[in-house]
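Trainee: Protein chains in written order, with the numbering used here: chain F, 104 to 299; chain R, 108 to 561; chain Z, 26 to 286.
Where a beta carbon is used, it is the ideal one built from N, C-alpha and C, also for glycine.
Structure provided below as structure tokens; questions to follow.
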């Protein structure tokens with residue numbers, strides 16, 4: 104008997120009595136989800152900037168030291184950022200190393216926790232870009248902030264096969280005496296533009 | 108065999124350090140409280156999570172088959188392993204068959220349970236734990252002391268000394284930012300050179316044949332988006348029925364674990380990278396036997412958040428190592444003796460049964476009730492030593508007979524005050540080591556009530 | 026269950042069986058007396074069945090289920106006939122309500138016993154419907170919410186659980202004139218008694234107890250008040266060994282001097 108069959112047989116033999124799936128509880132909503140999102144995103148070390156147009160994103164980017172000092176910039180958001188990396192030409196995700204700033208589009212944000220959903224299809228040919236980059240910039244359309252994770256999952260279309268990720272702020276760790284350090288293995292900073 | 112009390116003794120004896128450890132974890136518990144308070148439906152979420160887990164466990168074979176079908180459609184290779192040995196063997200073969208020798212790992216308590224690292228290292232695989240806390244303990248050749256905060260038992264000076272020796276940081280430097288930066292550079296080299304990445308699984312989704320990994324550091328993503336081969340290891344109990352169920356668990360997980368609303372990265376894997384491979388290894392290793400146990404099956408609902416450890420007044424004051432098992436604290440005090448009741452028989456007694464763990468558990472495992480129930484298992488299996496069982500037999504005999512009880516009580520109250528202090532507080536009296544005994548009244552309540560006017 | 030109606034004639038007055046835990050009977054008899062007086066002063070018909078000894082918790086907590094059985098059975102036989110059973114102890118009452126089913130499920134009179142056995146404070150608030158506590162107690166008091174009473178009997182909201190705050194013990198004590206219930210940094214951390222835990226894990230137990238005492242001290246408490254003498258016994262043992270300027274008192278002793286209505 105294969106391990107698979109043996110395990111499944113054991114699970115069926117030992118199955119507990121049937122019990123039903125519950126209804127999801129009614130979940131928190133906010134009077135100002137955008138404000139809640141901004142607060143949540145900022146509290147996890149992200150930088151939140153509200154702008155009206157993509158042109159303003161470019162203006163604001165020029166005020167960021169991490170952007171103006173960046174030697175290698177990769178933007179996957181049309182009309183945003185002075186891209187100087189040709190991602191399609193990279194044969195291997197390892198060649199992403201050295202990218203200082205990556206500018207990515209997120210589909211929507213979640214007010215309760217400051218997370219944004221980034222589907223794999225928007226990450227370009229090498230999905231590692233969101234984590235290998237030294238600094239991350241996210242662009243989210245306004246009016247696309249849901250209140251909570253239940254609404255988020257109602258919205259998400261899982262690409263199969265595929266990849267998708269919730270990102271909430273810059274990478275961080277508190278593994279050394281519980282002292283919060285922003286910038287662990289992933290991006291050292293995360294700037295989010297809510298546009299529109 | 109030394110039990111929890113003996114192992115805890117040196118930890119407890121270092122007064123400054125034990126209070127520091129206690130405060131650090133209490134602080135995490137407070138952060139959890141603040142997050143929980145901010146969600147009005149918090150208790151309803153816990154109820155829903157517990158119900159989803161109970162439902163899932165009642166049909167888990169079906170859900171695992173559904174997961175496997177959907178995962179295969181996504182191009183994921185699914186492996187099933189009965190125990191730790193099979194698990195280690197399969198992971199090794201996946202690597203060896205492809206000639207891969209450099210592996211990076213993100214946190215997986217399951218692989219700790221199976222002792223994967225030494226198995227692979229003995230076969231020429233370089234294994235680098237990439238979660239900062241895990242890398243720290245790996246370099247120190249010690250196990251993690253907490254499932255979420257692996258290096259919580261270490262001070263920054265300890266880590267500074269370690270990094271000075273291993274990574275060449277400045278001697279005496281202990282600033283967390285400086286040390287983290289050093290670890291970033293060091294581990295970045297490992298990520299870049301890795302040929303395969305291994306992760307745990309926080310949640311596997313039957314409906315879509317994918318799984319979710321949650322991290323703050325981005326190490327799981329670095330380790331699985333650079334090398335072409337990703338191996339994900341999961342206990343079968345990590346399965347949830349649908350993507351919408353993730354909402355409930357993800358709202359509870361980080362809040363319970365570290366007092367954050369969500370981890371920085373919540374990565375959903377539904378297939379290999381272009382040109383890559385994705386393997387999921389499903390592990391039993393004794394879990395299906397626990398499933399069959401009416402009293403203890405709820406322990407399989409555990410989502411490994413660590414909240415029970417943070418809230419446990421005993422864990423905070425004895426440290427993870429005093430449990431002697433991969434997973435310590437209240438949940439570990441069930442999982443360990445479920446694996447080996449003789450080796451871990453002291454753990455269900457390493458609890459005052461205060462119930463705080465059960466009240467923080469996001470999936471409402473009745474931890475302290477299970478610990479109480481396990482004590483009965485240990486008596487039935489005669490793991491509890493004879494002299495203790497005999498003492499209880501004698502006590503039961505006396506207490507079941509009012510005349511014997513009254514005599515014993517009078518004797519105790521009569522004799523104790525007359526004994527010299529050195530006898531009363533001799534080595535036979537563990538109560539008296541740091542405490543005074545209660546004063547012995549001349550008359551018991553039942554003596555006094557006879558005098559009490561109606 | 027019906028609240029007591031003080032105006033009822035004696036025939037319809039519920040008869041209360043007073044359950045005095047073994048260690049209260051032997052070591053803290055004044056707590057038993059105070060409990061009796063508090064109930065009697067409310068006009069409650071209280072009877073102390075002399076055949077009682079112990080609820081069996083020491084054996085049960087040690088995992089010795091079969092040695093607990095005779096005590097559970099005795100308890101049912103002795104207390105089964107009362108309308109209500111009241112005890113000055115959260116852990117002993119929890120034993121009856123939450124654990125006795127293992128030995129007594131299905132026995133006639135057990136369902137009644139299980140639903141009518143109460144700890145003193147919850148009895149006063151929920152059954153006797155005490156709303157007013159008229160008395161003086163000018164002291165700084167730290168309230169120790171013992172774990173079984175708190176998390177098994179839900180005498181108050183535990184700090185882990187996100188429900189509306191409530192506390193039956195505080196409701197009673199808080200009305201006393203002059204009392205100052207001090208604010209602790211950890212309102213419901215376990216004191217470390219835990220039954221045989223106090224001896225099996227003596228070092229951690231005492232450390233937990235000392236930390237509780239330090240919290241009360243720092244908050245300015247003169248008295249540590251509780252509804253479970255087992256916890257108080259452990260804390261008092263530490264207090265007296267270290268000669269701390271603190272006293273312990275059972276809630277019954279504090280309420281003894283007041284007029285409850």
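(1) Would residue 278 of chain F and residue 256 of chain R qualify as a contact pair, given that the criterion is a beta-carbon distance under 8 angstroms?
(2) Measuring alpha carbon to alpha carbon, tell me which residue in Z:151, Z:160, Z:104 is nearest residue 191 of chain Z.
(3) On the three-state DSSP scale, how would you describe residue 295 of chain F?
(4) Against chain Z, does residue 80 of chain R count as a neighbour if the rule is that its beta carbon must be under 8 angstroms from one of theirs?
(5) Spell out the partners DSSP gives residue 150 of chain F in its beta bridges.
(6) Shortest alpha-carbon distance to residue 159 of chain F belongs to which of F:182, F:133, F:118?
(7) Give the secondary structure of residue 472 of chain R by DSSP, where H, G and I count as helix, E and B as strand, and everything else as coil.
(8) Report the partner residues of residue 312 of chain R according to the DSSP bridge assignment.
(9) Does the beta-carbon distance from residue 415 of chain R to residue 438 of chain R come in below 8 angstroms?
(10) Just checking, does the stretch 479–496 of chain R make contact with the stretch 63–72 of chain Z on the three C-beta pairs under 8 angstroms criterion?
(11) Under a three-way DSSP split, which group does residue 230 of chain R fall into?
(12) Can you give the beta carbon distance from residue 221 of chain F to residue 202 of chain F, rounded, assuming they're within the 8 angstroms contact cut?
(13) Select from the stretch 63–77 of chain Z all residues with a C-beta closer than 7 angstroms to any C-beta belonging to chain R, and list them in chain order.
(14) What residues from the stretch 257–278 of chain F come within 8 angstroms of chain R, judged by C-beta to C-beta, listed N to C?
(15) For residue 370 of chain R, decide whether its Cβ has a neighbour in chain Z, counting only Cβ atoms nearer than 8 angstroms.
(16) Applying the criterion that 16 or more other CB atoms from any shown protein chain within 10 Å of the CB defines a buried residue, is residue 52 of chain Z buried or exposed?
(17) Alpha carbon to alpha carbon, what distance is there between residue 78 of chain Z and residue 103 of chain Z?
(18) In terms of DSSP beta bridges, what is residue 218 of chain F paired with?
(19) Whose C-beta lies closer than 8 angstroms to the C-beta of residue 231 of chain Z among residues of the same chain, with five residues either side of it excluded?
(20) Can you pull the chain R residues whose beta carbon is under 9 angstroms from the beta carbon of residue 250 of chain F, in chain order?
(21) Give, in chain order, every unbroken run of the alpha helix (DSSP H) that is at least 4 residues long and sits entirely within the stretch 126–185 of chain F.
(22) Thinking C-alpha only, which one of R:448, R:218, R:351 is nearest residue 127 of chain F?
(23) Going by C-alpha distance, which of R:137, R:130, R:150 is nearest residue 471 of chain R?
(24) Looking only at its own chain, which residues have a Cβ that is under 6 angstroms from the Cβ of residue 165 of chain Z, when we skip the five neighbours before and after it?
(25) In this structure, how does DSSP classify residue 269 of chain F when only helix, strand and coil are distinguished?
(26) Three or more C-beta pairs under 8 angstroms: does that hold for the stretch 286–296 of chain F against the stretch 404–424 of chain R?
(27) Quick one, which of R:516, R:558, R:235, R:220 has its alpha-carbon nearest residue 300 of chain R's?
(28) Since residue 213 of chain R and residue 326 of chain R should fall inside the 8 angstroms C-beta cutoff, what is the C-beta to C-beta distance between them, to a whole number of angstroms?
(29) Taking buried to mean at least 16 other C-beta atoms within 10 Å of its own C-beta, is residue 187 of chain R buried or exposed?
(30) Check this for me: beta carbons of residue 206 of chain F and residue 169 of chain F, under 8 angstroms apart or not?
(31) Taking CB distances under 8 angstroms as the criterion, tell me whether residue 278 of chain Z reaches chain R.
(32) Short of 8 angstroms in beta carbon distance, which residues of its chain neighbour residue 378 of chain R, apart from the five on each side in sequence? Order them along the chain.
(33) Between which residues of its own chain and residue 27 of chain Z is the CB-CB distance below 6 angstroms, once the five residues before and five after are set aside?
(34) Just curious, the alpha helix (DSSP H) that residue 340 of chain R is in, first and last residue?
(35) Is it buried or exposed, residue 57 of chain Z, if we count other Cβ atoms within 10 angstroms and call 16 or more buried?
(36) Name the one or two DSSP bridge partners that residue 65 of chain R has.
Mentor: Answer, in terms of the structure:
(1) Translated into positions along the first chain, residue 278 of chain F becomes position 175. Translated into positions along the second chain, residue 256 of chain R becomes position 149. Cβ atoms of residue 278 of chain F and residue 256 of chain R: closer than 8 angstroms.
(2) Stepping through the third chain from its first residue, residue 191 of chain Z is reached at position 166. Among Z:151, Z:160, Z:104, the Cα nearest to that of residue 191 of chain Z belongs to Z:151.
(3) Here residue 295 of chain F refers to the residue found at position 192 when the first chain is read from its first residue. It is a strand residue.
(4) The requested residue 80 of chain R is not part of the displayed model; chain R covers only 108 to 561.
(5) Working through the first chain from its first residue, we reach residue 150 of chain F at position 47. In DSSP, residue 150 of chain F forms a bridge with F:294.
(6) Counting from one through the first chain, the residue named residue 159 of chain F turns up at place 56. Nearest of F:182, F:133, F:118 to residue 159 of chain F, Cα basis: F:182.
(7) Start at 1 with the first residue of the second chain, and residue 472 of chain R comes out as number 365. Residue 472 of chain R: coil per DSSP, three-state reduction.
(8) For this step, residue 312 of chain R is matched to residue 205 along the second chain. Residue 312 of chain R pairs with R:317, R:347.
(9) For this step, residue 415 of chain R is matched to residue 308 along the second chain. For this step, residue 438 of chain R is matched to residue 331 along the second chain. Yes, the pair counts as a contact, with Cβ atoms nearer than the cut-off.
(10) no
(11) In the second chain, counting from the first residue as 1, residue 230 of chain R sits at position 123. The answer is coil: DSSP assigns residue 230 of chain R none of H, G, I, E or B.
(12) As a first step, residue 221 of chain F is located in the first chain; it is residue number 118 there, counting from the start. As a first step, residue 202 of chain F is located in the first chain; it is residue number 99 there, counting from the start. Between residue 202 of chain F and residue 221 of chain F the Cβ distance is about 16 angstroms, and since that is not below 8 angstroms, they are no contact.
(13) 73, 75, 76
(14) 257, 259, 261, 262, 263, 264, 265, 266, 267, 268, 269, 270, 271, 272, 273, 274, 275, 276, 277, 278
(15) Here residue 370 of chain R corresponds to residue number 263 of the second chain, with the count starting at 1. False, the Cβ-Cβ gap to chain Z never drops below 8 angstroms.
(16) Walking along the third chain from the start, residue 52 of chain Z turns up at place 27. Answer is buried; the Cβ neighbour count reaches 16.
(17) To locate residue 103 of chain Z, count along the third chain from 1; it is residue 78. To locate residue 78 of chain Z, count along the third chain from 1; it is residue 53. Cα-Cα distance, rounded: 10 angstroms.
(18) Within the first chain, residue 218 of chain F is the residue found at index 115, counting from 1. Beta-bridge pairing links residue 218 of chain F to F:213.
(19) The residue given as residue 231 of chain Z occupies position 206 in the third chain. So the list reads 217, 263, once near-sequence residues are dropped.
(20) By one-based count along the first chain, residue 250 of chain F stands at place 147. Here the premise fails: no neighbours, minimum Cβ distance about 11 angstroms.
(21) 136–146, 157–164, 168–171
(22) Position 24 of the first chain, counted from the start, is the residue given in the question as residue 127 of chain F. Closest option to residue 127 of chain F, Cα to Cα, is R:351.
(23) For the purposes of this step, residue 471 of chain R is identified with residue 364 of the second chain, where counting begins at 1. That would be R:150, whose Cα lies nearest to the Cα of residue 471 of chain R.
(24) Reading the third chain from its first residue, position 140 is the one you call residue 165 of chain Z. The residues are 205, 207, 245, 246, 247.
(25) Position 166 of the first chain holds residue 269 of chain F. Strand.
(26) no
(27) The sequence position of residue 300 of chain R within the second chain is 193, counting from 1. Ranking R:516, R:558, R:235, R:220 by Cα distance to residue 300 of chain R puts R:235 first.
(28) Taking the first residue of the second chain as 1, we reach residue 213 of chain R at position 106. Taking the first residue of the second chain as 1, we reach residue 326 of chain R at position 219. Contact holds; Cβ gap of about 5 angstroms.
(29) The residue given as residue 187 of chain R occupies position 80 in the second chain. Buried.
(30) For the purposes of this step, residue 206 of chain F is identified with residue 103 of the first chain, where counting begins at 1. For the purposes of this step, residue 169 of chain F is identified with residue 66 of the first chain, where counting begins at 1. It is not a contact, given that the beta carbons lie outside the stated cut-off.
(31) Reading the third chain from its first residue, position 253 is the one you call residue 278 of chain Z. No, no contact with chain R.
(32) The residue labelled residue 378 of chain R in the question sits at position 271 within the second chain. Cβ within range, chain order: 181, 182, 183, 317, 385.
(33) One-based indexing of the third chain puts residue 27 of chain Z at position 2. Below a pLDDT of 50, predicted positions are generally treated as unreliable, and residue 27 of chain Z, at 45, falls in that range; no measurement from the model is reported.
(34) Here residue 340 of chain R is taken as the residue at index 233 of the second chain, counted from 1. Unbroken run through residue 340 of chain R is the beta strand (DSSP E), 336–342; no alpha helix (DSSP H).
(35) Walking along the third chain from the start, residue 57 of chain Z turns up at place 32. Classification of residue 57 of chain Z: buried, given that the 10 Å Cβ count is 16 or more.
(36) Residue 65 of chain R falls outside the range modelled here, since chain R spans only 108 to 561, and no answer is possible.
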